[in-house]
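Q: Mind looking over this structure? Questions follow.
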Amino acid sequence: MAGAGSILELHVLSFGLAALMASSFIWLAFKSSKTPLTLRMALLHLGLLFLVNLFIFTTYIITEIPDFFGASEATVAALKGCSNLLNVLTILQIGFIFTIFPSPIFSNRKTTFGIGIFLVIILVIVFLIVTWLSLSIYSGYFVWLLVALTINGFGSFFMVRWYLLYRSSDDQILRNQAIAAPLLMLGLLGGNTIKWPSLLLLGGPELFFQGTYLALGDGLPLFVILMNSTAIIMPVCALVVVLVKESTIQSELRDRSLLFTSVAFMLFGFLNLLILSLADSDGDFRSLWDYFAVIGMFGLVRPLILIYVALRFNLFDINNPQIRGKVRIIALLLVTVWTSSFFEIIQAFIPLPQLLSAALIGVVLAFAIGWEEKIFEGLASGGEKQMLLSEDDYFEKDDLFRSVMIVFGAVILYLCLGFISGSEI
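Numbering (numbering that gives the first Met the number 0), first residue to last: 0 to 424.
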């Protein structure tokens with residue numbers, strides 16, 4: 000089994016999916032003039048999140064085949080430093096999204112932007128201090144853990160708070176808020192929730208550090224172990240709360256999509272534990288599984304959940320004929336790329352003839368083409384069932400452009416710092 004080659008192909012396909020999601024969401028955020036600005040800002044920052052993922056997958060691809068690009072060992076090390084810090088930036092972006100969707104939590108836009116910029120500056124300072132203290136390879140990982148611990152804790156608490164407050168409300172719009180919150184959490188923090196067996200102490204250290212380049216054998220400081228474990232347990236607890244509540248709520252209020260997603264993450268976590276227990280930790284199968292189960296979550300599963308959230312809760316003006324027509328084309332492209340990625344994963348574990356794979360992809364696309372018009376008509380006529388609260392005066396139109404420029408500036412800054420830190424390792 001060609002583990003390295005399969006992982007490279009998955010990186011390339013994830014790169015294409017991230018590019019399509021980023022361009023689509025950003026375009027829709029600027030074009031949906033009739034959609035409330037708070038929802039457009041949420042859509043924009045989801046697109047910008049995929050844009051940063053695009054840079055991350057680029058570094059992954061180059062480091063997988065350095066000879067093709069003529070990259071030296073020093074360049075590869077520098078690119079790994081860049082990917083580490085860009086992952087920090089994505090966590091910051093997730094934190095910002097949590098403050099404005101499903102509903103703003105601060106009193107005004109200046110507070111939201113101010114806190115975001117303050118966090119970027121503080122984390123740059125922390126990174127420089129940690130690097131100066133000569134923690135070597137742990138410097139970037141320490142900063143990443145610090146951010147992940149903060150955002151996972153804050154985000155999980157905020158999402159579950161929304162969910163428990165309004166899930167049984169008589170107001171349909173408030174119930175929509177409650178449903179959107181955990182769906183967003185699973186889409187953005189879902190890679191950690193599949194490690195729920197850690198609550199039962201069944202997975203051990205291997206489960207905690209699965210998918211990372213660190214392990215207990217590396218002589219990790221105790222504070223790194225505690226931070227990593229806590230960052231995982233917080234969203235796991237949130238998943239358990241959502242699953243219990245959604246299973247026990249009155250049948251007429253139960254949301255099938257949320258229940259199905261929660262159950263799917265729980266079952267996948269159990270399957271992940273079985274693989275870790277049975278598979279050889281040094282084998283090709285295990286390396287492929289770790290990619291798919293942990294790193295691949297934000298390359299394949301995240302886009303699927305977030306496109307569902309965007310469609311279901313009207314984050315763009317789906318009633319605009321011009322936008323709806325282009326969105327249908329984008330949706331078909333997304334189905335094509337996502338299906339190709341899915342079958343690439345299947346082939347990585349169970350080799351299939353190319354003709355059979357092509358035939359199966361064709362069947363999925365034929366089904367999608369046959370149902371996409373019906374799906375979009377249903378979404379457009381959903382009315383209050385898909386509405387969310389929005390603060391009309393929370394953002395200004397210029398905030399869309401400002402957000403893009405701030406993220407571009409942060410990407411350049413983090414790339415520079417990551418390149419410098421990686422070159423010194």
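Glycine included, each C-beta is placed from N, C-alpha and C at the ideal position.
Buried or exposed for Met404, please, with buried defined as at least 16 other CB atoms from any protein chain shown within 10 angstroms of its CB.
A: Residue 404 sits at position 405 when you count from the first residue of the sequence shown. It counts as exposed.
Q: To test your reading of the DSSP string, which unbroken alpha helix (DSSP H) runs of 4 or more residues are found completely within the stretch 67-93?
A: Within the stretch 67-93, no complete alpha helix (DSSP H) run reaches 4 residues.
Q: Rounded to whole angstroms, what is the Cα-Cα separation between Tyr307 and Phe366?
A: Here residue 307 refers to the residue found at position 308 when the sequence shown is read from its first residue. Here residue 366 refers to the residue found at position 367 when the sequence shown is read from its first residue. Taking the straight line from one Cα to the other gives about 17 angstroms.
Q: Under a three-way DSSP split, which group does Ala230 fall into?
A: Here the question's residue 230 lines up with position 231 in the sequence shown. Of the three classes helix, strand and coil, the one that applies to Ala230 here is helix, per DSSP.
Q: DSSP three-state label for Leu351, please.
A: Residue 351 sits at position 352 when you count from the first residue of the sequence shown. Three-state DSSP puts Leu351 in coil, outside helix and strand.
Q: Under 8 angstroms by Cβ, that's how I've got Leu305 and Ala230 pegged, so tell me the actual separation to the nearest angstrom.
A: The residue labelled residue 305 in the question sits at position 306 within the sequence shown. The residue labelled residue 230 in the question sits at position 231 within the sequence shown. About 21 angstroms separates the two Cβ atoms, so there is no contact after all.
Q: Let me confirm a value: Gly295 is counted as buried when at least 16 other C-beta atoms fall within 10 Å, else exposed. Which label applies?
A: Translated into the one-based positions of the sequence shown, residue 295 becomes position 296. Buried is the call here.
Q: Taking the straight line between their C-alpha atoms, what separation do you get for Met20 and Pro181?
A: As a working mapping, residue 20 is identified with position 21 in the sequence shown. As a working mapping, residue 181 is identified with position 182 in the sequence shown. Cα-Cα distance, rounded: 21 angstroms.
Q: For Gly15, which residues in the same chain have their Cβ closer than 7 angstroms to its Cβ, ignoring the five residues on either side in sequence?
A: Locating residue 15 in the sequence shown gives position 16, where the first residue counts as 1. The residues are Val336.
Q: Classify Thr300 as buried or exposed, calling it buried when 16 or more other Cβ atoms lie within 10 Å of its own Cβ.
A: Your numbering for residue 300 matches position 301 in the sequence shown. Reading the sequence as shown, one finds Val at residue 300 and not Thr. Flag for Val300 reads buried.
Q: Which class does Ala1 belong to by DSSP, given the choice of helix, strand or coil?
A: Start at 1 with the first residue of the sequence shown, and residue 1 comes out as number 2. Per-residue confidence for Ala1 stands at a pLDDT of 43, beneath the threshold of 50, marking its modelled position as unreliable; no derived number is given.
Q: Report the three-state DSSP secondary structure of Ile424 (helix, strand or coil).
A: To locate residue 424, count along the sequence shown from 1; it is residue 425. Confidence at Ile424 is low in this model, with a pLDDT of 47, below 50, so its placement is unreliable and the value that follows should be read with caution. Coil.
Q: Ile193 and Ala278 - do their beta-carbons sit closer together than 8 angstroms?
A: The count along the sequence shown starts at 1 and reaches residue 278 at position 279. The count along the sequence shown starts at 1 and reaches residue 193 at position 194. No. Outside cutoff.
Q: Using 8 angstroms as the Cβ pair cut-off and three pairs as the minimum, do the stretch 247-261 and the stretch 271-288 touch?
A: Not touching, per the Cβ criterion.
Q: Go to Pro101, then tell me how far its alpha helix (DSSP H) extends in each direction, as first and last residue.
A: Position 102 of the sequence shown, counted from the first residue, corresponds to residue 101. Note, Pro101: premise wrong, no alpha helix (DSSP H); not H, not E.
Q: If you drop the 5 nearest sequence neighbours on each side, which residues of the same chain put their C-beta closer than 6 angstroms to that of Ile224?
A: One-based indexing of the sequence shown puts residue 224 at position 225. Around Ile224: no qualifying Cβ.
Q: On the three-pair Cβ rule with 8 angstroms, is the stretch 63-76 touching the stretch 352-361?
A: Segments in contact, no.
Q: Excluding the five sequence neighbours on either side, which residues of its own chain have a C-beta within less than 6 angstroms of the C-beta of Val119, listed in chain order?
A: For this step, residue 119 is matched to residue 120 along the sequence shown. Within the same chain, Val119 has close Cβ partners Ala409.
Q: Are the stretch 106-123 and the stretch 167-175 touching by the rule of at least three beta carbon pairs closer than 8 angstroms?
A: Segments in contact, no.
Q: Mind checking which residues open and close the alpha helix (DSSP H) that includes Ile442?
A: The first residue shown for the chain is 0 and the last is 424, placing residue 442 beyond what the model contains.
Q: From this set, Val243, Pro302 and Ile344, which residue's C-alpha is nearest Ser286's C-alpha?
A: Counting from one through the sequence shown, the residue named residue 286 turns up at place 287. Closest option to Ser286, Cα to Cα, is Ile344.
Q: Specify the secondary structure class of Phe156 as computed by DSSP and reduced to three states.
A: Working through the sequence shown from its first residue, we reach residue 156 at position 157. DSSP places Phe156 in helix when its eight states are reduced to three.
Q: Is the distance from the Cβ of Ile328 to the Cβ of Ser31 below 8 angstroms?
A: Numbered from 1 along the sequence shown, position 329 holds the residue referred to as residue 328. Numbered from 1 along the sequence shown, position 32 holds the residue referred to as residue 31. Not closer than 8 angstroms, so no.
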